[in-house]
Amino acid sequence: MHRIASVGLTSLTCLTFLAAAVTAADSWPSFRGPAARGVADGSALPLQWNVEDGTNVRWSRELPGDGHSSPVVSGGRVYVVSAESDAETELVLGDEGGIGLAKDLRREFVWRLSALDAASGEVVWQREPYRGAPRANRHVKSSQANATPATDGKVVVAIFGSQGLVAWSRDGEELWRVDLGVLDPGLFGDPASHWGHASSPVIDGDRVFVQVDRHADSYVAAYDLSTGAPIWKVERQEKPVWATPTVHHGEGRSQLIVLGGDFDRGLDPATGEELWRFPRDLEVKTPTPFVAGDLVVLSGGYRGREVHAVRLDASGLVEGDELAWTSEAGGPYTSTPVAYRGRIYFARDTGVWNVLDLASGERLHRERIDGAYSASPIAADGRIYLPAEEGVVRVLSAEPPFEVLASNDMGAPCMASPAVAGQTLFLRCGTTLWAIAASAAG
Numbered sequence: 170m171h172r173i174a175s176v177g178l179t180s181l182t183c184l185t186f187l188a189a190a191v192t193a194a195d196s197w198p199s200f201r202g203p204a205a206r207g208v209a210d211g212s213a214l215p216l217q218w219n220v221e222d223g224t225n226v227r228w229s230r231e232l233p234g235d236g237h238s239s240p241v242v243s244g245g246r247v248y249v250v251s252a253e254s255d256a257e258t259e260l261v262l263g264d265e266g267g268i269g270l271a272k273d274l275r276r277e278f279v280w281r282l283s284a285l286d287a288a289s290g291e292v293v294w295q296r297e298p299y300r301g302a303p304r305a306n307r308h309v310k311s312s313q314a315n316a317t318p319a320t321d322g323k324v325v326v327a328i329f330g331s332q333g334l335v336a337w338s339r340d341g342e343e344l345w346r347v348d349l350g351v352l353d354p355g356l357f358g359d360p361a362s363h364w365g366h367a368s369s370p371v372i373d374g375d376r377v378f379v380q381v382d383r384h385a386d387s388y389v390a391a392y393d394l395s396t397g398a399p400i401w402k403v404e405r406q407e408k409p410v411w412a413t414p415t416v417h418h419g420e421g422r423s424q425l426i427v428l429g430g431d432f433d434r435g436l437d438p439a440t441g442e443e444l445w446r447f448p449r450d451l452e453v454k455t456p457t458p459f460v461a462g463d464l465v466v467l468s469g470g471y472r473g474r475e476v477h478a479v480r481l482d483a484s485g486l487v488e489g490d491e492l493a494w495t496s497e498a499g500g501p502y503t504s505t506p507v508a509y510r511g512r513i514y515f516a517r518d519t520g521v522w523n524v525l526d527l528a529s530g531e532r533l534h535r536e537r538i539d540g541a542y543s544a545s546p547i548a549a550d551g552r553i554y555l556p557a558e559e560g561v562v563r564v565l566s567a568e569p570p571f572e573v574l575a576s577n578d579m580g581a582p583c584m585a586s587p588a589v590a591g592q593t594l595f596l597r598c599g600t601t602l603w604a605i606a607a608s609a610a611g
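Heads up: the sequence shown begins at 170 in the working numbering, then just goes up one per residue.
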């Protein structure tokens, strides 16, 4: 079932071409890449690779600890965050974890940011901003390094959960740090439930935006990228979410799009002033909102699995034609969908692969595939690359019949979303970062 408002021919044309206008580049600067779209056409990524014999593997690098955060790439460097414990990290896959909590508060951790050479995987520099016991616990399916760093090529910023927000220069000089307080989001109404922070920082011009959600006193804030000085802060008392904000610059106005437990919103990036709000009262929202053509696509939330498309020019309370469509096909739980060639692709955490029409929200395809999914898919050259929790990266066709073309075993759980830069696919599985490229020497 889906509900749709009228969509004109001009909008349909914009949706088809603008959604596919992201092409391969040497930079993947933040979570989901340029414009948070997860698209990298022109990358010439291989269909298959083998981590055992080195086929199409450029390099691999063991990381100092665990983490579900994604790598980012800029200026020939790969930046990745990790957290290393003095004991084996507890990780539960699939739906077996329930609402279980880890035992991290009793352990010593070292948080690190590593800068690697993108061509060779060699460590350029490594920094240890924090050492000690975590200030907040985590879900057994989470980690102490969930948030993906962000960079503009000159400055790299990273959120280390409750340990804080830190910025470095490209050469590894610490520029500033901000204490964000204890980030303890969890099951709403249960203050003892700490599932771990996941929302990643977003850089736009001279500002870095962060979304801080917790049991009480949540907020969205902008900081000066050079100094860490606060620019604005919008407080809110809503159920916590785990989604990363998205910045969009369009004709006439710019927006910082953020999810909330009660409302999803578009904010003015300059001031934090609310531009629009869409009522979506749900818990555990995790997928990142993103823009495709003239639509803002919203998804995620426990039990409420609808996918919505709000028009970019919406204002005030979204209602009527400002809501382009709602699909009741069953949206993703944690992973962010990808819009590509006029369609939306996503896997539910339980292994159900879905394809929706971007213009209408109509479901075009639904199929159960192997595996469980937390990481987000990326699209490149007519294919969708989808990491599964059990450690297999499936490659699916972006065209009918949308079948699985290849399955590549990584040998360790894949919880982090991929990055693509310089015709290389960067995959973090377990404690290893892999660089996959066509015809790469083993």
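Don't be surprised by glycine CBs; every beta carbon is placed ideally from N, CA and C.
Note that the structure is predicted; figures quoted are calculated from it, not measured.
- Between Leu352 and Ala305, the C-beta gap is smaller than 8 Å, which places the two residues in contact.
- From the listed residues Thr258, Trp411, Asp373 and Trp445, the smallest Cα separation to Gly485 is found for Trp445.
- The alpha-carbon separation between Ala606 and Phe595 amounts to approximately 9 Å.
- Note: Ser576 is bridge-paired with Arg563 in the DSSP secondary-structure output.
- Of Val279, Asp255, Ala314 and Trp228, the smallest CA-CA separation from Ala585 is found for Ala314.
- Straight across, the Cα-Cα distance linking Ser212 with Leu565 is about 16 Å.
- The criterion of a C-beta distance shorter than 8 Å is not satisfied by Ala412 and Thr440.
- In the structure shown, Pro556 falls within a strand segment according to DSSP collapsed to helix, strand and coil.
- Contact between the region 419-432 and the region 212-227 is absent: fewer than 3 CB-CB pairs across the two stretches fall below 8 Å.
- For the pair Thr503 and Thr457, the CB atoms are not nearer than the 8 Å cut-off.
- Cβ neighbours of Arg449 within its own chain (closer than 6 Å, five residues either side excluded): Asp433.
- Using a C-beta cut-off of 8 Å, the region 570-584 makes no contact with the region 194-204, since fewer than three inter-stretch Cβ pairs fall below that distance.
- For Arg537, same chain residues with a beta-carbon under 7 Å away, outside a window of 5 residues either side, are Gly520 and Val521 in chain order.
- Straight-line measurement puts the Cα of Ala302 at about 45 Å from the Cα of Gly551.
- Here DSSP, grouped into helix, strand and coil, assigns Gly485 to strand.
- When DSSP states are grouped into helix, strand and coil, Ala204 belongs to the helix group.
- Assignment of Glu442 by DSSP, reduced to helix, strand and coil, places it in the coil class.
- DSSP, read as helix, strand or coil, puts Asp490 in helix.
- In the displayed model, Ser238 falls within coil according to three-state DSSP, outside both helix and strand.
- Ala336 and Ala390 have their C-alpha atoms some 16 Å from each other.
- By the beta-carbon neighbour count (other beta carbons within 10 angstroms, threshold 16), Lys408 is buried.
- For the 8 Å CB-CB criterion, Gly540 and Glu559 form a contact.
- According to the DSSP secondary-structure assignment, Val521 is paired through a beta bridge with Arg537.
- In this structure, DSSP gives Arg275 a helical state, which the three-state scheme calls helix.
- Residue burial annotation: Leu451 is buried, with at least 16 other C-beta atoms found within 10 angstroms of its C-beta.
- By the neighbour-count criterion, in which 16 or more other beta carbons inside 10 Å mark a residue as buried, Asn219 falls on the exposed side.
- Residue pairing from DSSP places Phe459 in a beta bridge opposite Val466.
- Straight-line spacing of the CA atoms in Val247 and Asp286 works out to 6 Å.
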